[in-house]
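K.L.:
In full-length UniProt numbering, the protein residues as written are 1 to 249.
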Amino acid sequence: MTLELKNITTVVNPGTSEEKKILKDLSLTIEAGDFITLLGTNGAGKSTLLNVINGSLKPDTGQLLLDGLDLTPLSEVKRASYIAQVFQDPKMGTAPRMTVAENLLLALKRGQKRTLRPRRLQAHLPQFKELTAKLPNNLSERLQTFTGDLSGGQRQTLSFLMATIARPDILLLDEHTAALDPNTSAELLKLTDEVITEKDLTCLMITHRLQDALRYGNRIIVLNDGQIVLDTRDKENLTEEQILTYFAN
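1) Using the beta-carbon count (16 or more within 10 Å), is ARG142 buried or exposed?
2) Can you tell me where the beta strand (DSSP E) holding ASP60 begins and where it ends?
3) Which residues in the same chain have their Cβ closer than 8 Å to the Cβ of ASN7, if we skip the five residues on either side of it in sequence?
4) Using alpha carbons as the reference points, say which of ASN138, ALA95, ILE220, ALA101 lies closest to GLY148.
5) Taking three-plus beta-carbon pairs below 8 Å as touching, is the region 29-41 in contact with the region 202-211?
6) According to DSSP, is ILE228 part of a helix, a strand, or is it coil?
7) Buried or exposed, going by whether 16 or more other CB atoms sit within 10 Å of the CB of MET162?
8) Output the distance between the C-alpha atoms of GLU175 and GLY153, rounded to the nearest integer angstrom.
9) Helix, strand or coil: how does DSSP classify ILE22 here?
10) Cutting at 8 Å between CB atoms, please list the residues of its own chain near GLN88, excluding the five before and the five after it.
11) As a quick exercise: from PRO14, ASP181, ASN218, LEU50, pick the residue whose alpha carbon is nearest that of LEU171.
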């Protein structure tokens, strides 16, 4: 599916001396199958852009269309049928007092209407065992472990699996490896690339590492002061030094 953002503007502290525009008349088309790495300095508007897409922040002006469907008036909960996100903090995105298997079952039913039917957790355990067996961090041996007892790396890996298990139309990754140690971060990024490629997902990934932006994905976007200053698929001819020139105000 194609996601279109048309003339998006967001304002904080409106009508006060502290009023500030974060996103400034931003327009962007994310094509089906795009794996975009999103770069920018602190305050450039990266997380604000993801929040506008996931519905946790309403734009002051503009419109969001998913294959023609107007997402703009939809709440964050209703957008969960189409959009999944993994956050920077491993504690977000999972329920700590539920087991790994229970979290996966919850994710499997993301966006579906809630009913009083039996949850049939036991019937799904072979599927969850098979899925987690392919992942690092021995999650397949911890299906009955409460998520709050997992390591940060295990919990973030689980968050990523939960976000992709039901194949979202749009996957948002907000520096999802930034809080992890280098080895765990590298493992999760490798898994991220494999799953996005295998499932042909459409993804927007914030990263602060230029190397990762050049290595992963098929398109790079740089935000500066709430506007897109670089949007290219020509990654092979792009260097870290060239990207850095777009960070300057």
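Ideal placement from N, C-alpha and C gives every residue a C-beta, glycine not left out. None of these values were measured; they are calculated from a predicted model.
P.N.:
Quick answer:
1) Numbered from its first residue, the sequence shown carries residue 142 at position 142. With 16 or more Cβ atoms within 10 Å of its Cβ, ARG142 is classed as buried.
2) Locating residue 60 in the sequence shown gives position 60, counting from the first residue. It is not in any beta strand (DSSP E) - ASP60 carries neither H nor E in the DSSP assignment.
3) In the sequence shown, residue 7 corresponds to position 7, counting from 1. Only ASP25, LEU26, SER27, THR61, GLY62, GLN63 meet the Cβ criterion.
4) In the sequence shown, residue 148 corresponds to position 148, counting from 1. Considering only alpha carbons, the answer is ALA95.
5) yes
6) Counting from one through the sequence shown, the residue named residue 228 turns up at place 228. Correct three-state label for ILE228: strand.
7) In the sequence shown, counting from the first residue as 1, residue 162 sits at position 162. Classification of MET162: buried, given that the 10 Å Cβ count is 16 or more.
8) As a first step, residue 175 is located in the sequence shown; it is residue number 175 there, counting from the start. As a first step, residue 153 is located in the sequence shown; it is residue number 153 there, counting from the start. Looking at the two C-alpha atoms, the distance is approximately 14 Å.
9) Taking the sequence shown and counting its residues from 1, the one referred to as residue 22 is at position 22. It is coil, neither helix nor strand.
10) In the sequence shown, the residue the question calls residue 88 occupies position 88. Only ASP174, GLU175, HIS176, ALA178, ALA179 meet the Cβ criterion.
11) Counting from one through the sequence shown, the residue named residue 171 turns up at place 171. Nearest option by C-alpha distance: LEU50.
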